[in-house]
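Participant: Here it is: the structure, laid out below.
Number of protein chains: 2
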Amino acid sequence: MMLQSYIEQAAEDGNRTVAVAAAEDVEVIEAVVEAIKLNFAKFLLFGNREEILTIINERHPEMVRHENLKIIHAYTKELAADHAVKAVKFFEADVLMKGNLPTATLLKAVLSKENGLRTGNVLSHISIFEIPEFDRLLIITDAAMNIAPDLDQKAQIVRNAVAVAKKIGMVFPRVAALSAVEMVNSNMQATIDAAALTLMSKRGQIEGCVIDGPLGLDNAISAFAANHKRIDGEVAGNADILLVPNIEAGNILYKSLVYFAQAKVGAIIAGAKAPIVLTSRADSAESKLYSLALALCCVQDSKLKQTSY
Amino acid sequence: MMLQSYIEQAAEDGNRTVAVAAAEDVEVIEAVVEAIKLNFAKFLLFGNREEILTIINERHPEMVRHENLKIIHAYTKELAADHAVKAVKFFEADVLMKGNLPTATLLKAVLSKENGLRTGNVLSHISIFEIPEFDRLLIITDAAMNIAPDLDQKAQIVRNAVAVAKKIGMVFPRVAALSAVEMVNSNMQATIDAAALTLMSKRGQIEGCVIDGPLGLDNAISAFAANHKRIDGEVAGNADILLVPNIEAGNILYKSLVYFAQAKVGAIIAGAKAPIVLTSRADSAESKLYSLALALCCVQDSKLKQTSY
């Protein structure tokens, strides 16, 4: 399975709905229009109606009255976020997508105790990479959300990633808890946490996957490197999910793959009641589509009811 | 300048001497023989004479009596390390190279207060990458030595890297202090340290370079990404040296470049009285040669005196 297959999968079931918070942005509208043309989903665009309409009229006048695109006015970015989150909460949409507003504003609405999308889980960022000359997809987590997760948070980050992995077709994912070295070192918390996660997996505290760590990136993804260091086990050389020890390691790895390895990537936020697409301006149009497709593939059962808009 | 040019540069001045600690290892001998054939340097091989001779006899019998190769017996790995370090300390060698012994054993000899190679500086790992489709060499530090450097250590790590950069031809290197984000965030120590380093550069506390940070990897190395985020300055998009915030980020970036971006790399330890080559078994033969060549290029003035061996 490569990323294109999720675009095809999303297109096969175009019956989902995406709620976009603050859609008044050229690049967001472009992604939405492309997704509608690919039959990904219906879109509810929350935000400044006039600005949204101006953009659509200028660039895609044929879409103004498209049946899969609805615009719902919101007076402020905060209200756009609140309304989009409520649309997901009350089953009028299956996926939440960030538009032209600060991430913090969207997350504030997501994390609202009364009207948000909390499940009690940690929210975590999950990116799915297709890397040239590498034979399978790699999930990397968490490259953007949790700064310096503790052991419990790492366990939840793994659980979120495993849930996503299963929804995109990885039956029993192999998780590498990455560090700079393979030996447990009391001066390196990442190695201690990795060892603990490995045991948590063995004891059944983290289910549906097999975890090994601490592993260097080389031993996690290259059977040759793992053999060379005589590291055996199911995960070494065969990892599907790379758990990074901190946000800097994850973020730098993410960008290294995009900028130096010409990798393709889609990413979602997991752990809320619905998948969240947090694309940023710097993401390519292709990457935005992958993220949307992956989010749609992660919606278990559409709970869509007739919208009231 | 690409890495091959340092091999040529090393070969032009073959008058240096490398002291190898515990040379009794097939891969180490292979690297030494290749370097001698390329006229890099003379080699003093400290270690188990019988084992070293057996390897050379078996694989390169023509080298046994080569004038640029001397074997000095040492009864233990620790003694081999001590002798090799002393050879450098007393100007019989210009570069120290790790052979078949634990890194900790070599570093113990290097850091010995009486007979070591301390200068008062932090020792730091400096790797120099040639990345396909990237237009210049990139220095990454510290991917292997300092686990979680504090601000003072980061400043010294930068100074070490700047000194190396100058010796390999980067006149006034641009240093990016990497983080996951570009904004100073009180929850992310890496961003605070990066901001402090940037100011230390402005105030002349770190000389011979220009530092900017916090920068994401994308904004450090891609002018397009930097423009997109409206980050200006001399460093953004043009970094020569990437200071990583912790060992995990550096190590994962290093391995990502080698395994996913097919990058070539050489690496040395700086901050001691002489460059140290710490290649590991997992390094390719090519990478070992690059490391040796870079170390030799970093020797300012050969202080070689006639060896007593």
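Top line first, the protein sequences correspond to chains A and B. Here the first sequence is numbered in the working numbering, starting from 1 and rising by one per residue. Here the second sequence is numbered in the working numbering, starting from 1001 and rising by one per residue. Every residue gets a Cβ at the ideal spot worked out from N, C-alpha and C, and that includes glycine.
Spatial neighbours of residue 1144 of chain B within its chain, please: C-beta separation below 6 Å, excluding the five flanking residues on both sides.
Facilitator: Around residue 1144 of chain B: 1125.
Participant: List the residues of chain A that residue 1099 of chain B touches, going by C-beta distances under 7 Å, in chain order.
Facilitator: Those do not exist, as residue 1099 of chain B stays about 17 Å from chain A at its closest Cβ, beyond 7 Å.
Participant: Are the segment 1236-1247 of chain B and the segment 1211-1221 of chain B touching by the rule of at least three beta carbon pairs closer than 8 Å?
Facilitator: With the cut-off at 8 Å, the segment 1236-1247 of chain B and the segment 1211-1221 of chain B touch.
Participant: If residue 191 of chain A and residue 183 of chain A are in contact, beta carbons under 8 Å, what's the gap, nearest whole angstrom?
Facilitator: About 7 Å; that satisfies the 8 Å criterion.
Participant: DSSP puts residue 1129 of chain B in a beta bridge; with which residues?
Facilitator: Beta-bridge pairing links residue 1129 of chain B to B:1138 and B:1265.
Participant: Roughly how many angstroms lie between the CA atoms of residue 151 of chain A and residue 274 of chain A, to the nearest whole one?
Facilitator: So the alpha carbons of these two residues sit roughly 24 Å apart.
Participant: Verify the CB distance criterion: does residue 108 of chain A have a CB-CB separation below 9 Å to chain B?
Facilitator: Judged by the 9 Å Cβ criterion, residue 108 of chain A is not in contact with chain B.
Participant: From the DSSP output, in three-state form, read off residue 1019 of chain B for me.
Facilitator: Residue 1019 of chain B: strand per DSSP, three-state reduction.
Participant: Determine the chain A residues that contact residue 1120 of chain B at a beta-carbon separation under 9 Å, and present them in chain order.
Facilitator: Per Cβ cutoff of 9 Å: no residues; residue 1120 of chain B is ~22 Å from chain A at best.
Participant: Give the DSSP bridge partners of residue 65 of chain A, in chain order.
Facilitator: Answer is none; residue 65 of chain A lacks a bridge partner.
Participant: Could you name the residues that DSSP lists as bridge partners for residue 212 of chain A?
Facilitator: Residue 212 of chain A is bridged to A:176.
Participant: Identify each residue in the segment 262-295 of chain A for which the Cβ-Cβ distance to at least one residue of chain B is less than 9 Å, and report them in chain order.
Facilitator: Result list: 262, 263, 281 and 282.
Participant: What separation, rounded to the nearest whole angstrom, lies between the Cα atoms of residue 115 of chain A and residue 81 of chain A?
Facilitator: So the alpha carbons of these two residues sit roughly 11 Å apart.
Participant: Does the Cβ of residue 1207 of chain B have 16 or more other Cβ atoms within 10 Å, making it buried, or fewer, making it exposed?
Facilitator: Per the 10 Å Cβ criterion, exposed.
Participant: Out of B:1242, B:1166, B:1223 and B:1164, point me to the one whose CA is closest to residue 1197 of chain B's CA.
Facilitator: Comparing Cα positions, the closest option is B:1242.
Participant: Could you confirm whether any beta carbon from chain B is found closer than 9 Å to the beta carbon of residue 179 of chain A?
Facilitator: So yes, residue 179 of chain A belongs to the interface.
Participant: Any idea which residues DSSP pairs residue 41 of chain A with across the strands?
Facilitator: Answer by DSSP bridge pairing, in chain order: A:16.
Participant: What does DSSP give as the partner residue(s) for residue 1046 of chain B in the beta ladder?
Facilitator: Partner(s): B:1021 and B:1072.
Participant: If we count the other Cβ atoms within 10 Å of its Cβ and call it buried at 16 or more, is residue 188 of chain A buried or exposed?
Facilitator: It is buried - the Cβ of residue 188 of chain A has at least 16 other Cβ atoms within 10 Å.
Participant: Count the other CB atoms, across all protein chains shown, that sit within 10 Å of the CB of residue 111 of chain A; report buried if there are 16 or more and exposed otherwise.
Facilitator: Under this definition residue 111 of chain A is an exposed residue.
Participant: Straight-line CA distance for residue 266 of chain A to residue 1233 of chain B?
Facilitator: Between residue 266 of chain A and residue 1233 of chain B, the C-alpha separation is close to 30 Å.
Participant: So, under 8 Å CB-CB, residue 278 of chain A and residue 98 of chain A are touching, yes? Tell me the CB distance rounded to an integer number of Å.
Facilitator: Contact flag correct, Cβ pair sits at about 5 Å.
Participant: At least one CB of chain B closer than 9 Å to the CB of residue 249 of chain A: is that the case?
Facilitator: Yes, its Cβ sits closer than 9 Å to a Cβ of chain B.
Participant: Report the option in B:1169, B:1083 and B:1117 whose CA atom is closest to the CA atom of residue 1269 of chain B.
Facilitator: Considering only alpha carbons, the answer is B:1117.
Participant: In terms of DSSP beta bridges, what is residue 270 of chain A paired with?
Facilitator: Paired residue(s): A:124.
Participant: State yes or no: is the C-beta of residue 1040 of chain B within less than 9 Å of the C-beta of residue 1019 of chain B?
Facilitator: Cβ atoms of residue 1040 of chain B and residue 1019 of chain B: not closer than 9 Å.
Participant: Pull up the distance between the alpha-carbon of residue 1016 of chain B and that of residue 1295 of chain B, whole angstroms please.
Facilitator: Answer to the nearest angstrom: the Cα atoms are 11 Å apart.
Participant: Residue 5 of chain A touches chain B at which residues, Cβ-Cβ below 9 Å?
Facilitator: In chain order: nothing, as chain B lies at least about 21 Å away.
Participant: Please report whether the beta-carbon of residue 1202 of chain B lies at a distance below 9 Å from any beta-carbon of chain E.
Facilitator: Given the protein chain composition of this structure (A and B), no chain E is represented.
Participant: Who are residue 147 of chain A's beta bridge partners in DSSP?
Facilitator: Paired residue(s): none; residue 147 of chain A is not in a bridge.
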